[in-house]
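**Student:**
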Amino acid sequence: MSSAAKPLSSDNSLPWVEKYRPVVLKDVVGNQETVDRLNVIAMCGNMPNLILAGAPGIGKTTSILCLAHALLGPTFKEAVLELNASDDRGIDVVRNRIKMFAQKKVNLPAGRHKIIILDEADSMTPGAQQALRRTMEIYSNTTRFALACNLSGKIIEPIQSRCAILRYGKLQNEQVLHRLVEICRAEDVKYTPEGLEAIAFSADGDMRQAVNNLQSTASGFGLITPDNVFRVCDQPHPVVIRKMLESCGRGEVDDAVACISVLWTQGYSAVDIITSVFRVVKVYDDLDEDKKLKFIREIGITHMRIVDGLQTLVQLQGLVARLCKFALPETAALIA
Amino acid sequence: MPPKTRSNARYKAAADDVVNISSRETTPTKDGSEVDPGLDIDLEIDSDLEAFMEEFSQQSSIAHSKALIDKAGEISSSPASLPDSSQRISNSSQNSLQSSTRRRALTDRPKFKVVRPASQPQLQLQKPEAPAKVNSFEDGADDRGELWWQRYEPRTLADLALHTLKAGQVRGWLEMAVDASINGNKQGSGCFRILVLEGPAGACKSTCVRMLAHELGLNIVEWINPLANRTSAASQPDSDGDEVGVVRQFEHFLAHAERYSGLALQPSSEAEARRTSTLDQKRQIILVDDLPNVSHRDTRESFRDALLRFSAVPAQNSFPMVIIVTESITSQQAFGDESAGGMGRRFRETDTAANSDIAVWSAIDVIPSAVYNSRFCQSIKFNPVAPTIVAKGLKRILQIRSGLGDQKTTKFSPATTAAIKAISDECQGDLRSAVTMLQLSLASYSNAIPASSKRGGGNTEKRKRGAAANSVCIGDKRGSTNAGEPRRVSLDLFHALGKVLYAKREVPNAPNDNSGLARGRLESHPDEVLDKTPVDLSTFGLYVHENYTDFCTSIDEAAQSADCFSEADSLSSGGHRNLGAAAGVAGAYGALLAVRGYMHYKAHPHLTGNEDSTTRMGSQHGRGGMAMFRKPQFFDFYKRRAALARMWDDPAASEVLGFGNGLLSAGATPRVLVQDILPFWVKIASKREMTLAQQRNPSVYQRLIELVAVGGHKNGPQLGASHYALGPAHLTLPPVPEEKLVLSDDDIEEFSD
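From first to last, the protein sequence lines are chains R and H.
Here the first sequence is numbered in my numbering, starting from 1 and rising by one per residue.
Here the second sequence is numbered in my numbering, starting from 1001 and rising by one per residue.
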């Protein structure tokens, strides 16, 4: 993997996300099986129409670009048409630009095809997708499509039927960490292991966000520590939240409320806090199954209330109180 | 000479339309030659092509098309009123021969010939002599540059994954329609104008039509949405701003397809045209697969008008039209629709007709009801392909690939059979995606062979091996790696479902009884399962919800689980419209709650290594812990609901309903009529009422009955999004086989036929 850490160019103005974007398939982090499949396609050359589905920042676009590079090599520029949500992709674009490109003649090695990459395809209107349907068939001799989307459910069925669907799972924290270490070494950034873990936690499996956070922390403080990271990312410190949950687990209302108050006085909004609470409780393994289920339920209900507009401290404190109740015996909550 | 110029102009319009069609049609051919290294390469081809088409449309006089035009003149003048057109055209073409070198350059290019070179692989053409020998795929395994679902398109009716009855229906219609167009004037022959084929994606609709048309010797004229000429209009100032809307062009297409259809210019039909002499020139159908953008309101309306006009043309001397409507609905839209409106919207009147963006595409959305209900229009519904037939189709492909023609002698290895079965279960009746899956999984396998050769080498090697052993083997990842590989990126759906629904637990080492619920760790962690589901979280929740009753053993269990589902539902879709960024989180809460809740409350989990618990299920699901998973009915209901919603915009339908029982005058809204009264009306209406309604508007009546009949026997008139029975779920009849999705962990042996 060490080759992956080499920057594409020495240009300092590039954001690290671009600078360290993998160019060959084997450098794509995570989703080993899916990437292996793409590798196979790259080897045999006959690329079916593809749909790549998965959460943001897990390498969909990157891997499809890598695949296109592997398939087309030097002809990449002529034989690839990339359209993303920022391009106009109404029905006339599908009819005109895409068809025109499909008709375009490019000198390619035998058995290779032009590739049209439609990024963020789930933002295309159903009408435009319908128009794509027959185009895919007619030009399949020369042109193949690769659609990247967050939810494959937003692609209409006739298109899904014409494509092989590859799913991308969330990246594991270790995978993100590994990559971050590589980048830190290449950029010569000082870091503590906890700092990188904090970045991985705050990114929640989104590599792009992780790299961005890394860069902004590095340029802001020069040293990656958890405190710096959470200051840059502007998120409530998970350690505090974890402390709060622990207190709740023991039924110590006062301590738990104190933790919430600390966060509140630091200026975090209720949404920030509740989002972090949810994230922490998901990875909080010390809770037993029953309690965890109840916690999630209560947090969810509170989250919805907050989203509905009740962004108050009272809601958060109420949540904490209810969570504490689970730890106490039934009778303790009764008023004598 | 005003009359003459007029006819000339008309003719020109016709000719350029025809040629435009053909040049559109030839573009794939031209592109197909791209893989030929020998041909000259022109990167500006796209502008050239455009110019080419432009010139056609302006002057209709490219030199090399002269012959065609003359031919066109001969043929078209016979039915139509253009006695001297061919002469005039040749004159005009000579006049305009002052043309440039570029045009000559154009004519030099062989790829612009309208006639498709014979060496090209002709996918569209089903060769009649092919049927007996599957080996007619010259090189079985070499699929370079082609998608399997196109390459291995069936060539005979026997290979078609379709019920023979259904094919018979289509065939019968085509025969009648063609007969009507030739002989005409027979009783009722005018009815066969438009055939609507509706069905989900990958249900062989297009293939069926093409194959039958070929078998009956019909030419297919296909409508393909043209390119709008916006760039060329900008670059070429002399184009007279010919801004014809797509639908206008469609109308022209229809008109000219009728009048000048004798021109066998279609590359796809060219060979047949030669074979079937001028005698059979009438034998032609118009195929509309690529519909105009009917989600745009104006387009939809003018499209409807065009169809109306078409259906009014008498059948004789015209051609029947086949419209293929692929039902499409995106699950996300359904959810969005459900949750955005929430409860409130369900009980509010909304005007879906004015709604410009249609979520559901069904025939009723696309075809105007005035046409759809009329006697000129018949519709045939296609069902999703049944898993066994999918499996048959996949095996056929594998046999072709391995070069084994004989269906009987081929033996598939257990791994292959399992893989085929897995694919055919997973594809949900979509044959095309099944074939794609097969292609992909086979490609993965060929990589597994330590092939020193570069690309494609693995394939041939595999074929040889397969042929030598007289067996086909695909070591699908699915089958082989479940045990060995600890981290699969995505579980397949049924696996994930099984993991959740069986909620297996490890046998607790020490009984720690502090909560009564601590019964050993869950074998598969809910978070992990959810991380790897192949579908989005809400859909997965639906699946769990649909199936959980079968796995509950006590009413407490079911009640507590139901409680969780209800809360999950209220969290994930309970009218939180302005979630914004939190929208994804809501889904996560919902799914987590549903899955965790169910798994937690399941009182009698399957303990690993404890066979007793499986036998309880065994009585119900058969030995070996095999379970049927049902598809959520949400989507079916959603579709039906949308169809019903369209119905109430249809005045004819509410008239039929309101008629005879006076309900319409009693102030019932159409919505109430259709959704509440219709189901009961069908059940309780007197025979006299029914017959009256039937006489009044037979086609509407038929559709009403059909709507109610769909699933009515088992779900009753329930129209809600989800419907399930708690107790008697075990006793209800198994669903129709086609809807049944089967999971089996270890029934590989059972599936070998």
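C-beta atoms are modelled at their ideal positions from N, C-alpha and C, and glycine is treated no differently.
Report yes or no: do three or more beta-carbon pairs, one from the region 111-123 of chain R and one from the region 82-89 of chain R, lie closer than 8 Å?
**Tutor:** Touching, yes.
**Student:** Assess contact between the region 261-272 of chain R and the region 228-237 of chain R, defined as three or more Cβ pairs (one per stretch) separated by less than 8 Å. Is contact present?
**Tutor:** yes
**Student:** Across which residues does DSSP place ALA53 (chain R) in a beta bridge pair?
**Tutor:** R:CYS149, R:ARG167
**Student:** How many Å lie between PRO1387 (chain H) and TYR1152 (chain H) at the Cα?
**Tutor:** 18 Å
**Student:** Verify whether the separation of the beta carbon atoms of LEU25 (chain R) and CYS66 (chain R) is less than 8 Å.
**Tutor:** yes
**Student:** Taking GLU194 (chain R) as the reference, give the member of R:PRO15, R:PRO226, R:ASP290 with the closest Cα.
**Tutor:** R:PRO226
**Student:** Once DSSP output is grouped into helix, strand and coil, what is the label at SER1093 (chain H)?
**Tutor:** Because the pLDDT at SER1093 (chain H) is just 40, under 50, the model does not fix this residue reliably, and the value given afterwards should be weighed accordingly. Helix at SER1093 (chain H).
**Student:** Check whether the Cβ of LEU25 (chain R) lies closer than 8 Å to any Cβ atom in chain H.
**Tutor:** no
**Student:** Hey, could you find the ends of the alpha helix (DSSP H) SER1379 (chain H) is sitting in?
**Tutor:** Counting along the chain, SER1379 (chain H) falls outside any alpha helix (DSSP H), though it belongs to the beta strand (DSSP E) covering 1377-1381.
**Student:** Determine whether the Cβ of GLN1150 (chain H) lies closer than 8 Å to any Cβ atom of chain C.
**Tutor:** Annotation note: the requested chain C is absent from the structure, which comprises protein chains R and H.
**Student:** My guess is that LEU50 (chain R) and LEU166 (chain R) are in contact by the Cβ rule of under 8 Å, so how many angstroms apart are they, rounded?
**Tutor:** LEU50 (chain R) to LEU166 (chain R), Cβ: 6 Å. Contact.
**Student:** My understanding is that ALA53 (chain R) touches SER152 (chain R), with C-beta atoms under 8 Å, so please give their C-beta distance in whole angstroms.
**Tutor:** 4 Å
**Student:** Does at least one heavy atom of the ligand NAD sit under 7 Å from the Cβ of MET304 (chain R)?
**Tutor:** In the structure shown, the ligand NAD is absent, as is every other ligand, since no ligand is present at all.
**Student:** Taking DSSP as the reference, what is the three-state secondary structure of TYR191 (chain R)?
**Tutor:** strand
**Student:** What do you get for ASP122 (chain R), buried or exposed, if any count of 16 or more other CB atoms within 10 angstroms of its CB means buried?
**Tutor:** buried
**Student:** If you measure beta-carbon to beta-carbon, which residues of the region 165-198 of chain R are closer than 7 Å to chain H?
**Tutor:** So the list reads ARG167, GLY169, LYS170, given in the order they occur along the chain.
**Student:** Starting from the beta carbon of GLU298 (chain R), find every residue of chain H whose beta carbon is closer than 7 Å, and list them in chain order.
**Tutor:** Those within 7 Å of GLU298 (chain R) in chain H number zero; the least Cβ separation is about 10 Å.
**Student:** Taking 8 Å as the threshold (beta carbon to beta carbon), is THR329 (chain R) in contact with chain H?
**Tutor:** First, the residue type needs correcting, since residue 329 (chain R) is Pro and not Thr in the sequence shown. It does not: the Cβ of PRO329 (chain R) has no partner Cβ on chain H nearer than 8 Å.
**Student:** According to DSSP, what are the bridge partners of ASN1781 (chain H)?
**Tutor:** Any answer about residue 1781 (chain H) is impossible in this case: the structure gives chain H only from 1001 up to 1753.
**Student:** For SER1554 (chain H), is the classification buried or exposed, using 16 other Cβ atoms within 10 angstroms of its Cβ as the cut-off for buried?
**Tutor:** Under this definition SER1554 (chain H) is an exposed residue.
**Student:** Does DSSP put ILE91 (chain R) in a helix, in a strand, or in coil?
**Tutor:** The three-state secondary structure of ILE91 (chain R), taken from DSSP, is helix.
**Student:** Relative to the C-alpha of ARG1630 (chain H), which candidate in H:GLY1541, H:GLN1378, H:PHE1250, H:SER1206 has its C-alpha closest?
**Tutor:** Nearest of H:GLY1541, H:GLN1378, H:PHE1250, H:SER1206 to ARG1630 (chain H), Cα basis: H:GLY1541.
**Student:** With distances taken from CA atoms, which of H:GLU1146, H:SER1206, H:VAL1371 is nearest LYS134 (chain R)?
**Tutor:** The question names Lys, but residue 134 (chain R) in the sequence shown is Arg. Closest by alpha carbon: H:SER1206.
**Student:** Where GLY1344 (chain H) and ASN1219 (chain H) are concerned, what is the direct C-alpha to C-alpha distance, given to the nearest angstrom?
**Tutor:** Its pLDDT being 32, under 50, GLY1344 (chain H) is placed unreliably in this model, and the value from its coordinates should be taken loosely. The alpha-carbon atoms of GLY1344 (chain H) and ASN1219 (chain H) are separated by roughly 52 Å.
**Student:** Less than 7 Å between C-beta atoms, sequence neighbours within five positions excluded: which residues of the same chain meet that for SER1269 (chain H)?
**Tutor:** Reliability of the predicted coordinates at SER1269 (chain H) is poor, the pLDDT of 43 falling under 50, and the value obtained from them is presented with this limitation in mind. Taken in chain order, the residues that qualify are ASN1219, ILE1220.
**Student:** Give a yes or no on whether 8 Å exceeds the smallest Cβ distance from GLY1541 (chain H) to chain R.
**Tutor:** Interface annotation, GLY1541 (chain H): not in contact with chain R, CB-CB separation never under 8 Å.
**Student:** Using a Cβ-Cβ cut-off of 7 Å (strictly less than) and excluding sequence neighbours within five positions of LYS1756 (chain H), which residues of its own chain qualify?
**Tutor:** This structure cannot speak to residue 1756 (chain H), because chain H is shown only from 1001 to 1753.
**Student:** So, for ALA203 (chain R): in the same chain, excluding its five sequence neighbours on each side, which residues have a beta-carbon less than 7 Å away from its beta-carbon?
**Tutor:** Answer for ALA203 (chain R): VAL176, GLN209, ALA210, ASN213, listed in chain order.
**Student:** Please confirm if LEU293 (chain R) has its CB atom under 8 Å from at least one CB of chain H.
**Tutor:** yes
**Student:** To the nearest angstrom, how far is the alpha carbon of HIS69 (chain R) from that of SER63 (chain R)?
**Tutor:** 10 Å
**Student:** Between the region 136-153 of chain R and chain H, which residues of the former have CB atoms less than 7 Å from a CB of the latter, in chain order?
**Tutor:** Taking 7 Å as the Cβ-Cβ cut-off against chain H, the residues of the region 136-153 of chain R that qualify are ILE138, TYR139, SER140, ASN141, THR142, LEU151, GLY153.
**Student:** How many Å lie between SER1379 (chain H) and LYS60 (chain R) at the Cα?
**Tutor:** 41 Å
**Student:** Could you pull the DSSP bridge partners for VAL29 (chain R) from this structure?
**Tutor:** Beta-bridge pairing links VAL29 (chain R) to no other residue.
**Student:** By how many angstroms is the C-alpha of GLY127 (chain R) removed from the C-alpha of LYS99 (chain R)?
**Tutor:** 16 Å
**Student:** Please classify LYS154 (chain R): is it buried, with 16 or more other beta-carbons within 10 angstroms of its beta-carbon, or exposed?
**Tutor:** buried
**Student:** Against chain H, does ARG322 (chain R) count as a neighbour if the rule is that its beta carbon must be under 8 Å from one of theirs?
**Tutor:** no
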